[in-house]
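Comments concern the structure below.
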Amino acid sequence: MNENNHQPTDIFHWANMADRDKDSLTIDLFLFTKGYTVYATKYDDTLKQQLKVLFLYDMVAGVQTGAASGLAVRDLDFIDRPDNVLLRTSLEKVEHAQEVIEQVAYGEETLEVFNENDHEFKKIKGMVARFTPKKVGDEEPKPFFVIKLLSASQVMLGSSAWLFRGNSFGQFEAEAGLKVTPDNQVMIIDNDIFVFSESKFERLFGYSAKKYAVAEEKIKEILANFKLSLPDGMTLEDMVRDNKALINKLQTVDPAAVTQEALMQQADDMELELMLDEAGKSIILMDSKDATKFVQLLSDDYMKSEMTGIKYLVKSKKPLNDDAKNDDPLLKLAER
């Protein structure tokens, strides 16, 4: 979907419609692993009302109450945020969230049904409740998805759990038990992700908007201070996007602290395979490995021991004059 042509979901209208249609919503439940493989599940009809309580009612009430108190929707990519905001981002920006939703939306018929004998709860990362309104007329109903993080502490395996009934302990007869937390975490409607708990959203999908925003600003500074040569159709953002270690490294680099000439001299001294183009003006970055070397050089991560002559890639370092303060405003925002 082209984000430029997409009209953001009116979350307040959604809350009113969900409240109106709550008794007729169809609910399907899915699980996904730490590797984002999705499984279908079955549930007893007696759980349907509890599913609505745990996944939907508080979310609807929270949005409706927020509307009365001035709740505003803000882009997740904005680092500096006021209070009383609901964060929103686009599904296509969050790769793993899109991966989960596409498996449900386009591959549901091929999904395996989760079975503790064949699969393991300890590998499960999250739960997805799909709510589908009743069809009216010829238009297909548009579902929405409520997603919750599933931590190991919420799972009780029958082999290690006891059941307390009346006044005594007994064997926990089920293969596994699950405690579902009632807090609001993440909801996806169409191409919009609404983030109610940013920390759990990050744990669910490995996406930190703050870090991505800081990395994007650092890349702009790099492009302003260095001449780079990349493959046709490739950008430095493309090389960085799916590289978590590189995104983390970009948080603290100062692109203005070293010149291109000094950086290339350090690359030669450390015998790193980082080259200039034929004109000798632009640093060639062919892939994310080259980008990593470049950023590590920018971060001054390569050292040579004056005592032994051994060359090192430094994973962590602390300046001897650590009283010096880092006044980088981007770093301060990322740490909020």
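Going letter by letter, the sequence shown gives residues 1289 to 1624 in my numbering. Ideal placement from N, C-alpha and C gives every residue a C-beta, glycine not left out. None of these values were measured; they are calculated from a predicted model.
- The Cβ atoms of LEU1379 and ASN1479 lie closer than 8 Å to each other.
- For the set GLN1473, TRP1450 and THR1469, the Cα lying nearest the Cα of ALA1462 is the one of TRP1450.
- In the displayed model, GLN1459 falls within a strand according to three-state DSSP.
- For SER1496, the number of other beta carbons within 10 angstroms of its own is at least 16, and it is reported as buried.
- Fewer than three beta-carbon pairs drawn from the region 1594-1603 and the region 1533-1550 are found closer than 8 Å, and the two stretches are therefore not classed as touching.
- The three-state secondary structure of VAL1373, taken from DSSP, is strand.
- Here LYS1411 is not near LEU1438, since their CB atoms are 8 Å or more apart.
- The C-beta of MET1347 has 16 or more other C-beta atoms within 10 Å across all chains shown, which makes the residue buried.
- Only buried fits ALA1501, as 16 or more other CB atoms lie within 10 angstroms of its CB.
- Runs of the alpha helix (DSSP H) lying entirely within the region 1372-1421, each at least 4 residues long, are 1383-1395 in chain order.
- Non-local beta-carbon contacts of VAL1528 in its own chain, meaning distances under 8 Å to residues more than five positions away in sequence, involve ALA1503, ILE1507, LEU1534, ILE1535, LEU1538, SER1576 and ALA1579 in chain order.
- At the C-beta level, LEU1344 and PHE1419 come within 8 Å of one another.
- Contact between ASP1309 and LYS1422 holds: their C-beta atoms lie close to 7 Å from each other, under 8 Å.
- Contact check for GLN1473 against PHE1457 fails: the beta carbons are separated by 8 Å or more.
- Put simply, of MET1591, ASP1542, PRO1470 and ALA1567 the residue whose alpha carbon is nearest the alpha carbon of GLU1559 is MET1591.
- Just so you know, the alpha carbons of GLU1408 and LEU1445 end up roughly 10 Å apart.
- Taking 8 Å as the upper bound for CB-CB distance, PHE1514 and MET1475 are not in contact here, some 41 Å apart.
- The alpha carbon of ASP1565 has as its nearest neighbour, out of LEU1516, ASP1589 and PHE1318, the alpha carbon of LEU1516.
- According to the DSSP assignment, LEU1601 belongs to the beta strand (DSSP E) that extends over 1599-1601.
- Straight across, the Cα-Cα distance linking LEU1374 with GLU1397 is about 34 Å.
- If you compare the alpha carbons of ASP1333, TYR1327 and LYS1340 with that of ASP1406, the shortest gap goes to TYR1327.
- Only exposed fits ASP1426, as fewer than 16 other CB atoms lie within 10 angstroms of its CB.
- Our two residues, SER1587 and LYS1606, have alpha carbons roughly 12 Å apart in a direct line.
- Going by DSSP, MET1591 is part of the beta strand (DSSP E) stretching over 1590-1592.
- Just so you know, the alpha carbons of PHE1300 and GLY1521 end up roughly 40 Å apart.
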